[in-house]
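See structure below.
Residue numbers (full-length UniProt numbering): 1 to 66.
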């Protein structure tokens with residue numbers, strides 16, 4: 001199964017993340033404007049909307065081998 005992950009190397013971490021407001025379940029949070037967003041696994045449905053919205057390509061799918 002694939003899950004959405006944040007690649008902190010691709011995230012500029014220097015502004016409010018616009019993806020936070022697009023997440024339909026509210027699973028993406030950002031502690032401060034100069035930190036990478038975090039994904040709440042309990043609420044994330046892996047819909048991929050964040051992947052399409054992020055202009056930096058910081059959100060991607062990765063294999064979850066659980």
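Here a beta-carbon is modelled for each residue, glycine too, at the ideal position from N, C-alpha and C.
- residue 34 to residue 21, Cα distance in whole Å? The sequence position of residue 34 within the chain shown is 34, counting from 1. The sequence position of residue 21 within the chain shown is 21, counting from 1. Whole-angstrom Cα-Cα distance: 16 Å.
- Message: In whole angstroms, give me the CA-to-CA distance for residue 61 and residue 4.
- Response: In the chain shown, counting from the first residue as 1, residue 61 sits at position 61. In the chain shown, counting from the first residue as 1, residue 4 sits at position 4. Approximately 4 Å between the Cα atoms of the pair.
- Message: Could you give the first and the last residue of the continuous alpha helix (DSSP H) run that contains residue 21?
- Response: Position 21 of the chain shown holds residue 21. 19-22 is the span of the alpha helix (DSSP H), which, as asked, contains residue 21.
- Item | residue 59 burial status per 10 Å Cβ neighbour count (16 or more: buried) | As a working note, residue 59 is residue 59 in the chain shown. Buried, by the Cβ-count rule.
- With a 10 Å radius around its C-beta and 16 neighbouring C-beta atoms as the bar for buried, classify residue 47 as buried or exposed. As a working mapping, residue 47 is identified with position 47 in the chain shown. Flag for residue 47 reads exposed.
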